[in-house]
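For the sequence shown, our numbering assigns the number 6 to the initial residue and increments by one for each residue that follows.
Heads up, the beta-carbon is just placed ideally off N, CA and C, and yes, glycines get one too.
As structure tokens, the structure follows; a few thoughts come after it.
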Amino acid sequence: MPDADDAQQSRYYHLDVPQANTAFYLKGAGALDWGMQNRLARTFHPDTGRTVMLAVDHGYFLGPTTGLERIDVDIVPLLPHVDALFCTRGILRSVIPSAPAVPVVLRASGGPSILRELSDEEIAVDMEDALRLNACGVGVQVFIGGSNETKSVHNMTRLVDAGLRYGVPVLGVTAVGKDMVRDARYFRLATRICAELGAQVVKTYYVPDGFETVTASCPVPIVMAGGKKLPELEALTMAYRAIQEGAAGVDMGRNIFQSDAPAAMLRAISAVVHEEMPPAQALELYQTLRHETTADPA
Ligand code: R5P
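Okay, structure coming up:
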């Protein structure tokens with residue numbers, strides 16, 4: 006006896022519903038393979054297409070810098086508020102819990118310390134280890150205009166080749182030397198080179214004049230690095246403008262972990278990124294949350 010008549014077959018096979026082709030939501034990522042899109046989707050929130058990545062990788066050349074002396078004590082409690090964590094594999098294995106899971110982008114370049122020429126980096130992580138750590142991506146410094154420009158670009162392109170082999174996106178980080186002009190013209194050049202040579206995401210600094218031309222001319226998502234610690238309102242304003250001018254999120258460190266109330270600052274930044282909360286309102290949110298976390302319970 007047949008297990009279904011024609012009418013039932015129509016119902017179970019949804020013969021009247023054509024299969025949809027769902028476009029992937031991130032800029033420039035439509036032609037990427039499933040695994041790479043899936044890793045990007047773990048980093049960039051599907052509801053907004055944006056990310057709040059917390060950068061705590063500074064120790065790879067700075068050692069225990071202010072705010073990162075004890076990542077286990079001061080950073081791990083922040084993890085519930087981040088979309089992704091940018092860190093080294095040493096910190097990941099030694100102090101970041103594997104559960105609850107936080108999406109991780111691994112710092113994958115390094116070599117020189119703050120005492121030497123910083124642009125003289127090599128690849129510092131094998132892609133196989135990034136896979137072993139279930140990383141959502143790897144990040145590499147690119148020193149456009151620096152004394153090791155070609156070497157750092159080559160580091161990135163080798164990681165891009167390995168990442169394409171295994172489905173791991175590469176975050177190209179535009180590193181600016183001390184003597185370089187930080188303007189839109191420079192960042193257009195640096196971000197575009199990273200994207201042209203295969204980075205699936207690019208991290209760069211905000212500039213007040215012409216940042217929208219940087220995001221417009223870069224064919225892949227840009228996340229904003231925070232830079233030196235600023236007063237909270239200035240940092241929130243910078244993040245707000247970057248988002249309004251086309252950034253797909255932030256990868257901020259010092260302006261969060263060097264804040265008086267890092268969890269409050271992280272949540273305020275998240276409101277700016279995901280809800281487009283204006284800076285003055287985000288500052289109020291920061292102050293309210295800060296007061297709640299520091300209020301004397303007595
Ligand atoms: C870049 O070289 C560092 O590794 C950081 O990831 C990056 O600078 C973002 O951190 P911050 O917001 O402190 O500049």
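Select from the options the residue whose C-alpha is nearest the C-alpha of residue i.
i	options	result
T196	M185, S152, D131 and V228	V228
H86	A276, F29 and A230	A276
K233	A221, Q263 and R246	Q263
M58	A230, Y30 and F148	A230
L45	D214, C223, Q205 and V78	Q205
L120	Y245, D62, L67 and E280	L67
T155	G168, E74, V81 and E126	E126
F91	L123, E289, G64 and V78	G64
A34	I76, I80, G251 and G54	G54
L138	V147, S99 and I149	S99
A287	E297, H296 and R272	R272
R163	R16, D214, Q24 and G144	G144
L136	Q14, V147, V178 and R170	R170
P117	N260, Q146 and A140	Q146
V207	H296, G251, G215 and H50	G251
C141	P283, R16 and H50	H50
M41	I198, Q13, G172 and L20	G172
C223	I198, G151 and I80	I198
Pick helix, strand or coil for residue i, following the three-state DSSP scheme.
i	result
G95	helix
D256	strand
E239	helix
M41	helix
I227	strand
M282	coil
V109	strand
E332	Here the chain comprises residues numbered 6 to 303, so residue 332 is not present and cannot be evaluated.
V57	strand
G64	helix
L31	coil
I248	helix
L90	strand
H50	strand
S114	strand
H296	helix
R75	coil
A25	coil
Y18	coil
Y291	helix
S264	coil
I119	coil
S103	coil
P69	coil
P302	Confidence at P302 is low in this model, with a pLDDT of 45, below 50, so the placement of that residue should be treated as unreliable; the coordinate-derived value is given next. Coil, per DSSP.
A221	helix
M6	At M6, the pLDDT of 48 sits below 50, so the modelled position is not reliable; the number obtained from the coordinates is stated separately. Correct three-state label for M6: coil.
I80	coil
A36	coil
Give me the Cα-Cα distance between residue i and residue j, rounded to the nearest whole angstrom.
i	j	result
P267	L238	14 Å
I274	L176	21 Å
Q292	A269	8 Å
G294	L202	The sequence given here places Leu at residue 294; Gly does not occur at that position. Taking the straight line from one Cα to the other gives about 42 Å.
A28	M185	39 Å
S157	L111	17 Å
V102	V219	As written in the sequence, residue 102 is Pro, which differs from the Val given in the question. About 36 Å.
Y18	W39	25 Å
A189	G258	22 Å
A285	A167	43 Å
N26	E289	43 Å
E74	L31	35 Å
Y210	R246	12 Å
F192	D256	16 Å
T242	S124	30 Å
Could you check if residue i is buried or exposed, using at least 16 other CB atoms within 10 Å of its CB as the buried criterion?
i	result
E133	exposed
T48	buried
P302	Model confidence at P302 stands at a pLDDT of 45, short of 50, so the residue's coordinates are unreliable and nothing is read from them.
A240	buried
R94	buried
P174	buried
R187	exposed
P108	buried
A221	exposed
T298	exposed
E281	exposed
P213	exposed
A36	exposed
Does the beta carbon of residue i sit closer than 8 Å to a beta carbon anywhere in chain C?
i	result
R44	Annotation note: the requested chain C is absent from the structure, which comprises a single protein chain.
Got a list of residues with beta-carbon closer than 5 Å to any non-hydrogen atom of the ligand NAP, in chain order? Ligands present in the displayed structure are limited to the ligand R5P, and the ligand NAP is not among them.
In chain order, which alpha helix (DSSP H) runs of at least 4 residues are fully inside the segment 134 to 216? 154 to 171 and 189 to 201
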